[in-house]
Amino acid sequence: MLTLLLTIEVLGVFLVPVGAQLIAVCIKPDNNLRVDCLIEPKPNVISSYEFSWSTGTKETLINTNVSGSAADTELKDRSYVEQRDPHGYSLTMIGFTDGLPHNTTYLCKMSGVVAQINVEKSQLVTCSTISMFLQSSWSWTASCLLLLIYHTHT
Ligand SMILES: *[C@@H]1O[C@H](CO)[C@@H](O)[C@H](O)[C@H]1NC(C)=O
Ligand SMILES: *[C@@H]1O[C@H](CO)[C@@H](O)[C@H](O)[C@H]1NC(C)=O
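And the structure:
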């Protein structure tokens, strides 16, 4: 029983930070920057998005489809947004990766929720590493579940 509780605890501690992360930044294989916004839409609210970034004190709007809200022209021209499955949006920024400032805060807003993440240039990972990380944490979950089933049946 103690082992069972310990297993649940490990599972919880390990998985919550991954599940709760609403924004992630990575570099695509073609060297473009991708910002994933995973905020869940609220029912009965028009799902619109707003991506921005900030270095220091100035926040600049990169891309949005909130009506009446204008993004920086150059940033908007060099970026595009795709809808994610099952919810959320991915922003791709073309040709910014090499000239990024050392320390950047990325923000996304959806349904009145703001998610933000601070990423140092040296910490940027390629997008496939993130999905591999997610996959490995899923197989970790699967092993734990198997372990749980094993324990509850003995
Ligand atoms: C923003 O884009 C999403 C997906 O394309 C769409 O569902 C939503 O209605 C758009 N919002 C506005 C305000 O146009
Ligand atoms: C990066 O910027 C954020 C927000 O301005 C700040 O909190 C953080 O300490 C900075 N990190 C480094 C390593 O300078």
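If you use mature numbering (1 follows the signal peptide of the UniProt record, and there is no 0), the sequence shown corresponds to residues -20 to -1, 1 to 134, in order.
Quick reminder that beta carbons are idealized off the backbone N, C-alpha and C, glycines included.
Which listed residue (the options) has its alpha carbon closest to that of residue i
{"i": "Asn45", "options": "Pro21, Ala4 and Ser27", "result": "Ser27"}
{"i": "Leu87", "options": "Phe76, Arg64, Ile42 and Tyr60", "result": "Ile42"}
{"i": "Pro81", "options": "Ser47, Gln103, Ala4 and Met90", "result": "Gln103"}
{"i": "Ile97", "options": "Thr84, Ser108 and Gly48", "result": "Thr84"}
{"i": "Ile3", "options": "Asp57, Ile74 and His67", "result": "His67"}
{"i": "Ala95", "options": "Lys101, Ser108, Trp33 and Thr72", "result": "Trp33"}
{"i": "Ser47", "options": "Thr72, Tyr29, Val93 and Leu13", "result": "Tyr29"}
{"i": "Val25", "options": "Phe76, Val93 and Val105", "result": "Val93"}
Cα-Cα separation, residue i to residue j
{"i": "Gln1", "j": "Leu18", "result": "8 Å"}
{"i": "Ile110", "j": "Gly36", "result": "Confidence at Ile110 is low in this model, with a pLDDT of 48, below 50, so the placement of that residue should be treated as unreliable; the coordinate-derived value is given next. Cα-Cα distance, rounded: 26 Å."}
{"i": "Pro23", "j": "Leu55", "result": "30 Å"}
{"i": "Val99", "j": "Asp65", "result": "24 Å"}
{"i": "Glu20", "j": "Ser91", "result": "8 Å"}
{"i": "Gln63", "j": "Val5", "result": "16 Å"}
{"i": "Asp16", "j": "Lys101", "result": "17 Å"}
{"i": "Phe76", "j": "Asn12", "result": "7 Å"}
{"i": "Ile74", "j": "Thr53", "result": "14 Å"}
{"i": "Glu39", "j": "Arg14", "result": "18 Å"}
{"i": "Thr72", "j": "Val61", "result": "6 Å"}
{"i": "Ile7", "j": "Phe31", "result": "16 Å"}
{"i": "Thr106", "j": "Ser59", "result": "18 Å"}
Any chain D beta carbon closer than 9 Å to residue i
{"i": "Thr72", "result": "Note that chain D does not occur in the displayed structure, where there is just one protein chain."}
Buried or exposed by the 16-neighbour rule on C-beta atoms within 10 Å, applied to residue i
{"i": "Asp78", "result": "exposed"}
{"i": "residue 138", "result": "Outside the displayed range of the chain (-20 to 134) lies residue 138, so it cannot be described from this structure."}
{"i": "Lys89", "result": "buried"}
{"i": "Asp57", "result": "exposed"}
CB of residue i within 9 Å of CB of residue j, strictly
{"i": "Pro9", "j": "Ser108", "result": "yes"}
Listed in chain order, which residues are found with a beta carbon closer than 7 Å to a heavy atom of ligand 1?
Ile26, Ser27, Ser28, Tyr29, Asn45, Val46, Ser47 and Gln63
Please enumerate, following chain order, all residues with a beta carbon closer than 7 Å to at least one heavy atom belonging to ligand 2.
Gly36, Asn83, Thr85, Asn98 and Glu100
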